[in-house]
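J.: Take 529 as the starting number for the sequence shown in the numbering used here and just add one per residue.
Shown below is the structure under consideration.
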Amino acid sequence: MAGSRHQLLDDALELSRRMAAFGESGEWDAVISLEPKRRGLLERAFATHAPADDFVADRVRAILALDKQLMAQSIEARARIADELGRTSKGRKATRAYNQAHR
Numbered sequence: 529m530a531g532s533r534h535q536l537l538d539d540a541l542e543l544s545r546r547m548a549a550f551g552e553s554g555e556w557d558a559v560i561s562l563e564p565k566r567r568g569l570l571e572r573a574f575a576t577h578a579p580a581d582d583f584v585a586d587r588v589r590a591i592l593a594l595d596k597q598l599m600a601q602s603i604e605a606r607a608r609i610a611d612e613l614g615r616t617s618k619g620r621k622a623t624r625a626y627n628q629a630h631r
């Protein structure tokens with residue numbers, strides 16, 4: 529079981545790396561599409577109550593670090609989008625005010 533658990537965690541780590549890379553480039557649909565597969569790998573890896581060895585602990589730490597990075601990327605992207613929406617809204621208000629003043 530350790531061998532297959534190790535492979536599942538390696539696969540989940542690789543998906544986590546890909547997700548972080550997609551997040552870095554703003555490809556959020558790709559991040560979202562990979563999450564169910566990664567979740568399935570992790571669920572299968574921990575479906576037994578076998579004790580975790582150093583390999584498992586290392587992979588889990590690496591996956592958690594990538595998740596933290598991905599979370600920071602998503603917060604940054606959300607802030608950028610909110611800022612853009614705010615500017616767009618202000619632009620529309622200014623246009624409406626201008627149009628009303630010049631009627």
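No residue lacks a Cβ here, since even glycine has one placed at the ideal position from N, Cα and C.
I'd like the list of long-range same chain contacts for I603, defined as Cβ closer than 7 Å, with 5 residues on each side in sequence excluded.
T.: Along the sequence shown, read from residue 1 onward, the residue named residue 603 stands at position 75. Nothing meets the Cβ criterion.
J.: Just to confirm the assignment, what range does the alpha helix (DSSP H) spanning S553 have?
T.: Mapped onto the sequence shown, residue 553 falls at position 25. From DSSP, S553 is part of no alpha helix (DSSP H); its letter is neither H nor E.
J.: Would the beta-carbon of L613 fall within 9 Å of that of A573?
T.: Locating residue 613 in the sequence shown gives position 85, counting from the first residue. Locating residue 573 in the sequence shown gives position 45, counting from the first residue. Result no, Cβ atoms of L613 and A573 do not sit closer than 9 Å.
J.: How many angstroms separate the CA atom of A632 from the CA atom of I591?
T.: In the structure as shown, the chain begins at 529 and stops at 631. Residue 632 is therefore absent and cannot be evaluated.
J.: Give the DSSP-derived three-state secondary structure of D581 in the structure shown.
T.: Walking along the sequence shown from the start, residue 581 turns up at place 53. DSSP places D581 in coil when its eight states are reduced to three.
J.: Taking only runs that begin and end inside the stretch 559-617, name each unbroken alpha helix (DSSP H) of 4 or more residues, in chain order.
T.: Runs found: none.
J.: Would you call the stretch 536-550 in contact with the stretch 577-596, where contact means no fewer than 3 C-beta pairs closer than 8 Å?
T.: Taking 8 Å as the limit for Cβ pairs, the verdict is that the stretch 577-596 does touch the stretch 536-550.
J.: For P579, which residues of its own chain have a beta-carbon under 6 Å away from its beta-carbon, when the five flanking residues on both sides are left out?
T.: Position 51 of the sequence shown, counting from 1, holds the residue named residue 579. Closer than 6 Å at the Cβ level, and outside the excluded window around P579, lies no residue.
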